[in-house]
Every structure is written in C-alpha cells, then in structure tokens.
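Numbering (our numbering), first residue to last: 65 to 665.
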C-alpha cells in the first residue's frame, strides 16, 4: 500500500488510463466524418510537411480549399502527426483524442490537489499514513472525484469521440499546464516556471481561440488562493502578475482581427434574421441555453450535435426568470461559503468565465454545443461536490450517527451515478460509429433539420445508397430551399443513377440560387463534354467566365478537364491560373497530380 501513498500522481494517471480506455475503447473504429472531411480527409496541408508554414498563415480548413474563422496551427500539426503515423486510419486519430482527454483529467487532478493544499495548508503538513486515510484526505479524494467525473461524463463525447472536436482537449491540456506552472511559480518564485506558463498559454492560443480567457482564470487563481482578503490592492497585484499574459492576449486578438482575419471573425456568423440582429434576444435565449447546460451536466440524456434552441423573446418568460433566480442563488452560495470553502466560489467562477464567449453577445455559429462544456464541467462539479461536503460536515457535527449513514448513502449514490455516466458514454460512442447512424440519431431529435437531412443524404451517397440519398436531399430542399448545396448534391445522385435530365435541372437550380457556387459549373461541363455537346459546354464556360474572375475561371475549367481525363488541357488551364496566383500551393499540388495521372495513362 505504501506505493500508492508515495506515487499518488502515477497511481492517478494509471487509473485514469485504465478507465478512459475502457470507456472510450469502443470508439476507436468509428469512421471520420462531418468536419473531419475538411480538417483531415480532404486537407492536403496535413499530408505534406512542406505546407507547415501554411498552418500559421491560413485558416484551419484552407488545405481543403475552404475558408473558416478558425486559425489553429497546433491543432493542424496534431492532425499532421497522426497522418504521418496512421495515414487516414481512424484508430490513430481516436487514440490521440482519448489520450489527450486522459492527460487533461490527470492535470485537473494535479492542479486541484495543489490548489486545495494551498487553500488548506494543514493538509500539506500531515501526509496520510495508510491507504484508508489517503482516500479521506480532501486534497486526494476531491481532485480524484472531480477528475473522474470529467473523464467519464458523456457530454464530453462531442469533444473526444468526434475527432474534429480535438481542439477542446488539446487546448485544455495547454490551458491547465499554463495554470499549473503559474501555481508552481507562485510557490517557488522560479522565473522559468512563469515563463513555461506563458509558453503554454501561447500554445493554447495556437490551438483554440477560447484560451484567450486564460488571464482571467489566472487572476481568479491569484485572488482565491494567494490572497487573504479581497480588496483593491489584491486586484491590482493580480493584474500586474497577469500583465504579460494580457499583453499576449491583446497581441493575439489584434492579429486575429487584422492579418489573421480570414472570414470577418467579429461578424462571420451573422445573417439577416431577428435573432442575429438583436443582442437582447440572444442574451434572453442564452438564459434558456444555460438551463439546458445544467440539465445536461446532471443527466446527459438526448445528446445530439447541432441541437436546435427555441428563441426566447420575453424577459418575463419562464427560462429567463428561472435562470435569474438560479444565478441569484449561486451568487448567494458563493458569498455565503467564501469563508468556509473558497473552492465553491472558484468552481462557480471557473464555470462561468469559460462560458463567457457563449453568451452570444458577439454572434457565434450556434446557440448551444455540448463540447462547450468540456473544461467548464470541472468547475461545476468542483463547486457542487464542495457544497455537498459542507452540507455533510454540518450534519455530521450535529448528528454523527446519521452523518455516518449519510456518508455511505452518498458513496453508494456517487458510485451508481459514475457507473451510469460510464454506460451512457459507451452507448453514445456507438452513435458516432458512422455518419448514417449518427445523422439518423440526430434526426430523431430534430426531424426538420435541413443540415441533418442533407448530411444523411451525403452519407447514403458515399455508401452507394443513391435512392436513399435522393429522398434525403429532396426532404432537405422541402424544409429549406435556400441553399445551393442540396440541389447540387441531389444532382450528383441523380447523375449517378443515370437520370441526366433531372440532374442537369438540379445543377441549374443550384446556380440560380448561388451563381458564384463553382461546383455545379464543373459537373455541367463534364456532362456536356461526355455527350460531345460542345455548344452547351461552351455556354456554361461563358457563364462561368462572366461570373468568376480569371483565376477562378481557369481553375474551374481545369478541374472539369481533369475529371474528364483530359490532363493536358487541365494542366494548361491550371498553369494559366497559376500565373495569376504564384503563391497558390494547392494549385501546384493539383498540377503535380495531373502530371502523375497523365504519366499513368
């Protein structure tokens, strides 16, 4: 038993490794899909190290020919390393996600262990002498329980089982390391530890935008654990200590809204709708979202990706009133328990600080995602467990016999709850098995979702179930006929079924909705060329020439000839495009591929 006492860090890591692999082991064979397509499968940048500089100058999915608001070089680097090790085999990508999740859980254990011993110095002065006392030590059992809940909670699957969700565990690892080394610096005053904290902060920013909030978390740690009182001097001291982090955050923010602003980052998700145009309505709706989050944290049932949230348009609606009352209760509890256990206030503030960007004051892509709870979950359970422990301690002091019974009842309840969460996580992993299962599961909750029907249609098409894909695309179009992609996808399936006249009509509908959508022009040209109908092919090219600039015109025309097998003409057109954009590495790669295809003919 002495080995557990001497090596609690290794014991915790080993335990988390065993539990984590047991819980997530059934996800290792799950397919890559949805955002995995642009992040990994179609992303040429992660497949060749010569594109490494592009990780730092372009958006996350530029290597797939797309543009996004996200700039995440280290996330791309992690995908590139996985690709080098495993190719496109899903196993390796899933393994990395799970290992990152295990490391994050372990770091939470280490961080909380250290913070609790700072908050309650008497724990650091009396080490447990046996295994039983070890588990009764608050600096052991509390971090262990919080980390275990963080590890197995099924709401985490959106960040772990879904490979494209890796930004959450990877950025959280850097964030936790930054805080951990900051705490070490505060204890030892070794400057290199402060420097390490700053470096990990920078790594976090290169992984996910939300890490910009880290200076607020450092200020929180400083105020809660390294200050006896809460006054102006304490706040000023905390601000001074976090100043280098604030400077880095300001520099990062400046770069993101200027040089590294790929898609109007501050307004990239706005659209012409009442919800989008009203900050007030978004804040009211956020009250409802928060109630949904609390429900998921307790009972993670009906998990789904891209869930729909009903807009709240009245201050006097029940979600707003309940949320305000709940916030008042939380604020009161934080103040009431501050003197007895600061960990409660710390956990609550940790939870709400990290969720700050999700208030939708600046429009974000959706009102609610489960993976946004990834790191906030730690603070929620820390506060709740500490509150329960205070309640138990009060009862035990008044009635030791009843307190003992309550202890065993609580132990049984938390054991059952942990097993319940583990079961739900294993079950949820199965929903991510392949895109057909996944989208059908989502449609059970959101039957009128355009995107889910469209994506299910694409999954059916990829599986060769063309008739089923046609039905899904048609349903998507009936729900919302404003997107060209559904008509384009429908046309592709109709073409593959040999129903060319219908396919041509759908390509034209896609162009009618969005004349600047390039893909339909490519396929129209390919069909007309295959029919030797040069007149119609030239008409399509003329329309493309009017719609697009020279570069995109040559790009489109080259793609058509490439797909049609005329590699000489494709190379010629792409070279003309390259003359207009010498720095386009993706186009150079396409020319190389065309040459290889030509040599194989």
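Every residue, glycine too, gets a C-beta built ideally from N, C-alpha and C.
In angstroms, rounded to a whole number, what distance separates the CA positions of residue i and residue j?
i: residue 166; j: residue 445; result: 17 Å
i: residue 558; j: residue 426; result: 41 Å
i: residue 553; j: residue 523; result: 11 Å
i: residue 65; j: residue 264; result: Any reading at residue 65 must be qualified, since the residue scores a pLDDT of 43, below 50, and its modelled position is unreliable; no value is offered.
i: residue 457; j: residue 402; result: 16 Å
i: residue 516; j: residue 510; result: 8 Å
i: residue 87; j: residue 365; result: 17 Å
i: residue 145; j: residue 354; result: 37 Å
i: residue 336; j: residue 549; result: Note that residue 336 scores 45 on pLDDT, short of 50, meaning its location in the model is unreliable and no value can be drawn from it.
i: residue 590; j: residue 97; result: 27 Å
i: residue 177; j: residue 360; result: 26 Å
i: residue 382; j: residue 474; result: 32 Å
i: residue 398; j: residue 302; result: 20 Å
i: residue 262; j: residue 308; result: 8 Å
i: residue 235; j: residue 114; result: 25 Å
i: residue 460; j: residue 466; result: 7 Å
i: residue 116; j: residue 109; result: 7 Å
i: residue 179; j: residue 652; result: 53 Å
i: residue 143; j: residue 272; result: 14 Å
i: residue 454; j: residue 78; result: 30 Å
i: residue 560; j: residue 479; result: 54 Å
i: residue 624; j: residue 605; result: 10 Å
i: residue 638; j: residue 248; result: 56 Å
i: residue 655; j: residue 599; result: 27 Å
i: residue 647; j: residue 519; result: 33 Å
i: residue 297; j: residue 483; result: 47 Å
i: residue 362; j: residue 181; result: 28 Å
Select from the options the residue whose C-alpha is nearest the C-alpha of residue i.
i: residue 378; options: 372, 515, 349; result: 349
i: residue 215; options: 468, 205, 258, 164; result: 164
i: residue 84; options: 102, 72, 440, 162; result: 162
i: residue 449; options: 541, 154, 407, 415; result: 407
i: residue 141; options: 157, 387, 78, 502; result: 157
i: residue 122; options: 324, 505, 646, 247; result: 324
i: residue 276; options: 297, 294, 288, 319; result: 319
i: residue 547; options: 592, 409, 578; result: 578
i: residue 153; options: 419, 329, 227; result: 227
i: residue 129; options: 170, 118, 347; result: 118
i: residue 229; options: 521, 435, 299; result: 435
i: residue 602; options: 562, 621, 298; result: 621
i: residue 267; options: 243, 504, 387, 248; result: 243
i: residue 270; options: 183, 469, 313, 180; result: 313
i: residue 492; options: 72, 105, 219; result: 219
i: residue 217; options: 155, 555, 648, 486; result: 486
i: residue 171; options: 207, 629, 223, 160; result: 207
i: residue 514; options: 540, 521, 501, 507; result: 540
i: residue 373; options: 380, 81, 351; result: 351
i: residue 311; options: 328, 284, 279, 291; result: 279
i: residue 38; options: 504, 563, 562; result: Nothing can be reported for residue 38: it is not among the residues displayed for the chain, which extend from 65 to 665.
i: residue 432; options: 409, 363, 375; result: 375
i: residue 526; options: 420, 498, 562; result: 498
Classify residue i as helix, strand or coil using the three-state DSSP reduction.
i: residue 439; result: coil
i: residue 652; result: helix
i: residue 671; result: Outside the displayed range of the chain (65 to 665) lies residue 671, so it cannot be described from this structure.
i: residue 667; result: Since the displayed the chain opens at 65 and closes at 665, residue 667 lies outside it and no answer follows.
i: residue 146; result: helix
i: residue 433; result: coil
i: residue 557; result: helix
i: residue 336; result: With a pLDDT of 45 at residue 336, under the threshold of 50, the modelled position of that residue is not reliable, and no figure is offered here.
i: residue 379; result: coil
i: residue 657; result: helix
i: residue 98; result: coil
i: residue 494; result: helix
i: residue 533; result: helix
i: residue 17; result: Residue 17 is absent from the model: the chain starts at 65 and stops at 665.
i: residue 220; result: helix
i: residue 349; result: helix
i: residue 113; result: helix
i: residue 80; result: helix
i: residue 151; result: coil
i: residue 371; result: coil
i: residue 547; result: coil
Is residue i close to the ligand MN? I mean its beta-carbon at under 6 Å from any heavy atom of the ligand.
i: residue 492; result: As for the ligand MN, it is missing from this structure, which has no ligand bound.
Exercise for the section: Please go through the stretch 242 to 297 and give each complete alpha helix (DSSP H) segment of 4 or more residues, from N-terminal end onward. Expected result: 255 to 269, 278 to 289, all fully within the stretch 242 to 297.
Exercise for the section: Would you list, in sequence order, the uninterrupted beta strand (DSSP E) runs of no fewer than 3 residues that lie entirely inside the stretch 389 to 422? Expected result: none
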